[in-house]
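Protein chains: 2
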Amino acid sequence: MEKPVFDQNFRMQFEELLKWRRDVRSFRNDEVDPQLTERLIALATLAPSVGYSQPWRFVLVESAECRESIRANFELCNRQALDAYSGEKAQLYAKLKLAGLRDAPVHLAVFLNQQTECGSGLGRMTMPETLEYSAILAVHTLWLAARSYGLGVGWVSILDPAKVNTSLNLPEEWKLIAYLCIGYPQEEHPSPELLRNGWEVKLPASDILIRR
Amino acid sequence: MEKPVFDQNFRMQFEELLKWRRDVRSFRNDEVDPQLTERLIALATLAPSVGYSQPWRFVLVESAECRESIRANFELCNRQALDAYSGEKAQLYAKLKLAGLRDAPVHLAVFLNQQTECGSGLGRMTMPETLEYSAILAVHTLWLAARSYGLGVGWVSILDPAKVNTSLNLPEEWKLIAYLCIGYPQEEHPSPELLRNGWEVKLPASDILIRR
């Protein structure tokens with residue numbers, strides 16, 4: 259295979275991809291071609307993994323019963339989270355749309371198989387958490403690939419993860435990494451919703467880069 | 259800002275980027291323009307973060323003393339890891355080059371600031387680990403961006419993370435996520451070294467995708 263050369267034009271487009279990626283909460287109700295969903299999962303497996311352990315497991319949540327159970331899980335956790343804020347933060351929190359569970363045509367739960375023997379432990383004796391990191395890199399790979407096909411992804415983390423395993427009848431040793439809503443976005447933006455809505459500001463470089 | 263359209267040509271190039279990304283262990287000794295390194299860090303901050311918490315902290319490890327301390331840390335951990343294998347796996351492990359700490363012109367340690375108040379806890383009440391996940395997504399973003407500039411990145415996880423904090427004189431509450439070696443690669447490949455060397459095989463889709 260000939261080694262690719264990435265030019266300035268590609269780099270500019272890649273930067274656009276990073277900027278317009280976004281965490282999407284509002285979806286159009288257009289279907290997503292099932293072959294495209296499988297293609298995204300195949301692309302996600304190009305992510306790096308410690309010791310080439312490939313510990314990512316993808317669960318397409320299709321049944322109405324499973325989806326309803328996940329929605330109930332989110333709604334309970336979201337109410338509890340709202341109760342933890344007060345004043346302006348509580349008002350702002352209540353206004354934010356934090357999940358697209360009702361509209362998204364595709365629900366994909368990504369798990370870590372904590373018991374995998376694949377990779378024979380290479381590279382994770384001193385930092386065993388790198389196994390988990392590998393599954394997270396697969397989520398990010400899928401997210402960027404989805405955006406390149408015009409799809410939006412919303413990562414829902416306001417869930418009780420143990421209950422997700424029960425709802426989906428999955429082994430306890432599978433750890434929920436991300437519950438993803440996938441579909442064509444209603445709106446597109448080059449900046450985070452939480453920045454646009456005044457929840458948080460962008461940190462300056464001086465706050466995040468130091469030298470030793 | 260006008261919304262970008264990603265075409266089939268971009269998607270093919272993006273797939274090449276994913277395939278040729280690689281975890282690089284052998285570097286040429288060409289310098290990396292310091293402005294390019296800072297640019298990669300700026301691109302990394304386009305990664306998603308839970309509640310827009312931006313918990314990533316980047317430490318450019320430049321002094322000979324700090325680098326020597328990290329190398330000693332790796333060598334000790336790597337010897338201990340080798341001792342844990344036996345037979346063929348031990349022989350194969352001993353042959354693998356698992357770090358490019360001597361040759362890489364740029365050493366970048368990425369940390370999670372576990373104490374950040376940025377984001378006000380949004381989205382991480384039930385899955386607090388998503389704060390850590392955010393820093394990991396920044397590492398992956400930087401990795402892909404580096405490859406688009408022809409640079410290779412090697413993620414060294416065979417380190418005692420607490421000792422890295424001590425060597426770099428960093429607060430205990432900063433958690434080491436990744437120690438990255440960055441430079442121009444000596445070789446380029448479209449498949450993982452551990453696959454080419456027979457350490458592990460690629461898992462079939464049927465092993466990683468299920469439906470519910």
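Chains A and B are the protein sequences, given in the same order.
Quick note on numbering: the first sequence equals residues 259 to 470 in the numbering used here.
Quick note on numbering: the second sequence equals residues 259 to 470 in the numbering used here.
All residues carry an ideal CB built from backbone N, CA and C; glycine is no exception.
The structure displayed is predicted, hence computed values, not measured ones.
| message | Quick check on DSSP: helix, strand or coil for Leu426/A? | response | As a working note, residue 426/A is residue 168 in the first sequence. Correct three-state label for Leu426/A: coil.
| query | When DSSP builds the beta bridges, which residues end up paired with Ile468/B? | reply | By 1-based counting over the second sequence, the position of residue 468/B is 210. Ile468/B is bridged to Val317/A.
| query | Contact between the stretch 334-351 of chain A and the stretch 375-391 of chain A: three or more CB pairs below 8 Å? | reply | At 8 Å Cβ cutoff, the stretches do not touch.
| message | Going by C-alpha to C-alpha distance, which of Asp341/B, Val364/B and Tyr391/B sits closest to Glu289/B? | response | Here residue 289/B refers to the residue found at position 31 of the second sequence. Measuring from the Cα of Glu289/B, the nearest candidate turns out to be Val364/B.
| For Asp418/B, which residues in chain A fall below 8 Å Cβ to Cβ? | Here residue 418/B refers to the residue found at position 160 of the second sequence. Result: Thr384.
| message | Quick test of your reading: Pro443/B and Val282/B, contact by CB under 8 Å. State the CB separation rounded to the nearest angstrom. | response | Residue mapping note: residue 443/B aligns to position 185 of the second sequence, counting from 1. Residue mapping note: residue 282/B aligns to position 24 of the second sequence, counting from 1. That belief holds up - the Cβ atoms of Pro443/B and Val282/B are roughly 5 Å apart, short of 8 Å.
| task | Output, in sequence order along the chain, the residues in the stretch 278-296 of chain B whose CB is closer than 9 Å to any CB in chain A. | result | For the stretch 278-296 of chain B, residues whose beta-carbon sits nearer than 9 Å to a beta-carbon of chain A comprise Trp278, Arg279, Arg280, Asp281 and Glu296.
| Do you know offhand how far Ser425/B's Cα is from Arg325/B's? | Residue mapping note: residue 425/B aligns to position 167 of the second sequence, counting from 1. Residue mapping note: residue 325/B aligns to position 67 of the second sequence, counting from 1. Distance from the CA of Ser425/B to the CA of Arg325/B, rounded to the nearest whole angstrom, comes to 9 Å.
| task | Just the chain B side, please: which residues come within less than 7 Å of Glu273/A by C-beta, in chain order? | result | On the first sequence, position 15 is the one that residue 273/A refers to. Those within 7 Å of Glu273/A in chain B are Leu301.
| Gly441/B and Ala362/B closer than 8 Å at C-beta | Start at 1 with the first residue of the second sequence, and residue 441/B comes out as number 183. Start at 1 with the first residue of the second sequence, and residue 362/B comes out as number 104. In this structure, Ala362/B lies closer than 8 Å to Gly441/B by Cβ.
| task | Going by CA-CA distance only, name the one from Asp291/A, Ala357/A, Tyr391/A and Gly379/A that's closest to Trp457/B. | result | Position 199 of the second sequence, counting from 1, holds the residue named residue 457/B. Checking every option, the nearest Cα to that of Trp457/B belongs to Gly379/A.
| task | Report yes or no: is there a C-beta of chain A within less than 8 Å of the C-beta of Lys347/B? | result | In the second sequence, counting from the first residue as 1, residue 347/B sits at position 89. Yes, contact with chain A.
| Are at least three pairs of beta-carbons, each pair with one atom in the stretch 402-421 of chain B and one in the stretch 367-375 of chain A, less than 8 Å apart? | These segments do not touch.
| query | Would you report the Cα separation of Val459/A and Glu260/A, rounded to the nearest angstrom? | reply | Numbered from its first residue, the first sequence carries residue 459/A at position 201. Numbered from its first residue, the first sequence carries residue 260/A at position 2. Their Cα atoms are separated by approximately 43 Å.
| message | On the CB-based measure, 16 or more other CB atoms within 10 Å of its CB, does Arg454/A come out buried or exposed? | response | In the first sequence, residue 454/A corresponds to position 196, counting from 1. Burial check for Arg454/A: the Cβ neighbour count within 10 Å stays below 16, so the residue is exposed.
| said: Checking 8 Å against the spacing of the C-beta atoms, do Val397/A and Ile328/A come in under that value? | reply: Taking the first sequence and counting its residues from 1, one reaches residue 397/A at position 139. Taking the first sequence and counting its residues from 1, one reaches residue 328/A at position 70. Taking 8 Å as the cut-off, the beta carbon of Val397/A is found no closer than this to the beta carbon of Ile328/A.
| request: Please look up how many angstroms separate the CB atoms of Ser406/A and Arg405/B, rounded, as I've assumed it's under 8 Å. | output: Reading the first sequence from its first residue, position 148 is the one you call residue 406/A. Reading the second sequence from its first residue, position 147 is the one you call residue 405/B. The C-beta distance from Ser406/A to Arg405/B rounds to 16 Å, too long to fall under 8 Å, and the pair is not in contact.
| request: Enumerate in chain order the residues of its own chain whose CB-to-CB distance from Gln293/A is below 6 Å, with the five nearest sequence positions on each side excluded. | output: Taking the first residue of the first sequence as 1, we reach residue 293/A at position 35. Excluding sequence neighbours, Gln293/A sits near nothing in its chain.
| request: Below 8 Å between beta carbons is the criterion; list the residues of the stretch 314-326 of chain B that meet it against any residue of chain A, in chain order. | output: Residues of the stretch 314-326 of chain B that bring their beta carbon within less than 8 Å of a beta carbon in chain A comprise Trp314, Arg315, Phe316, Val317, Leu318, Val319, Glu320, Ser321 and Cys324, in sequence order.
| said: Can you tell me whether Val263/B is buried or exposed? The criterion is at least 16 other CB atoms within 10 Å of its CB, across all chains shown. | reply: Position 5 of the second sequence, counting from 1, holds the residue named residue 263/B. It counts as exposed.
| field | Where the beta strand (DSSP E) containing Val364/B begins and where it ends | value | Indexing the second sequence from 1 puts residue 364/B at position 106. Segment Val364 to Asn371, the beta strand (DSSP E) holding Val364/B.
| said: Please state whether the Cβ-Cβ distance between Ala393/B and Leu301/B is less than 8 Å. | reply: Taking the second sequence and counting its residues from 1, the one referred to as residue 393/B is at position 135. Taking the second sequence and counting its residues from 1, the one referred to as residue 301/B is at position 43. Taking 8 Å as the Cβ cut-off, Ala393/B and Leu301/B do not qualify as a contacting pair.
| query | Looking at the unbroken alpha helix (DSSP H) that takes in Tyr391/B, where does it start and where does it end? | reply | Numbered from its first residue, the second sequence carries residue 391/B at position 133. Here the alpha helix (DSSP H) through Tyr391/B covers Thr388 to Ser406.
| task | Please list, in chain order, all residues of the same chain as Trp432/A whose beta carbon is under 8 Å from its beta carbon, the five residues on each side excluded. | result | Stepping through the first sequence from its first residue, residue 432/A is reached at position 174. The answer, listed in chain order, is Arg315, Phe369, Leu370, Asn371, Gln372 and Asn423.
| request: Under 9 Å between beta-carbons, which chain A residues line up against Arg469/B? List them in chain order, please. | output: Looking up residue 469/B in the second sequence gives position 211. Correct list: Val317, Leu318, Val319, Glu320 and Ser321.
| query | Any Cβ of chain A within less than 8 Å of the Cβ of Ser262/B? | reply | Residue 262/B sits at position 4 when you count from the first residue of the second sequence. One point to set straight first is that residue 262/B is Pro, not Ser, in the sequence displayed. Yes, Pro262/B counts as interfacial toward chain A.
| query | What first and last residue would you give for the beta strand (DSSP E) that runs through Ile440/B? | reply | Numbered from its first residue, the second sequence carries residue 440/B at position 182. Here the beta strand (DSSP E) through Ile440/B covers Trp432 to Gly441.
| chain B contacts from the stretch 386-401 of chain A (Cβ-Cβ distance under 7 Å) | Contacts with chain B (Cβ-Cβ distance below 7 Å) from the stretch 386-401 of chain A involve Thr388, Tyr391, Ile394, Leu395, His398 and Thr399, listed in chain order.
| query | Does the beta-carbon distance from Leu298/A to Leu400/A come in below 8 Å? | reply | For the purposes of this step, residue 298/A is taken as the residue at position 40 of the first sequence. For the purposes of this step, residue 400/A is taken as the residue at position 142 of the first sequence. In this structure, Leu298/A places its C-beta atom within 8 Å of the C-beta atom of Leu400/A.
| said: Any beta carbon from chain A within less than 8 Å of Arg329/B's own beta carbon? | reply: To locate residue 329/B, count along the second sequence from 1; it is residue 71. Answer no: the Cβ-Cβ gap between Arg329/B and chain A never drops below 8 Å.
| task | Check each residue of the stretch 435-449 of chain A: if its Cβ is closer than 7 Å to any Cβ of chain B, include it; give the result in chain order. | result | Of all residues in the stretch 435-449 of chain A, the ones placed with a Cβ closer than 7 Å to any Cβ belonging to chain B are Glu446 and Pro448, in chain order.
| field | Secondary structure of Val459/A, DSSP reduced to three states | value | For the purposes of this step, residue 459/A is identified with residue 201 of the first sequence, where counting begins at 1. DSSP places Val459/A in coil when its eight states are reduced to three.
| query | With which residues is Trp413/A paired in a DSSP beta bridge? | reply | Mapped onto the first sequence, residue 413/A falls at position 155. Answer is Leu438/A.
| field | Close-in-space but distant-in-sequence residues of the same chain around Lys355/A (CB under 7 Å, 5 per side omitted) | value | Your numbering for residue 355/A matches position 97 in the first sequence. Closer than 7 Å at the Cβ level, and outside the excluded window around Lys355/A, lie Arg283 and Ser284.
| Can you name the residues of chain A whose CB is closer than 9 Å to the CB of Trp457/B? | Here residue 457/B corresponds to residue number 199 of the second sequence, with the count starting at 1. Near Trp457/B (Cβ distances below 9 Å), the residues of chain A are Gly309, Tyr310, Gly377, Ser378 and Leu380.
| task | Taking Arg279/B as the reference, give the member of Arg470/B, Glu446/B and Arg469/B with the closest Cα. | result | Position 21 of the second sequence holds residue 279/B. Selected option, being the one with the closest Cα: Glu446/B.
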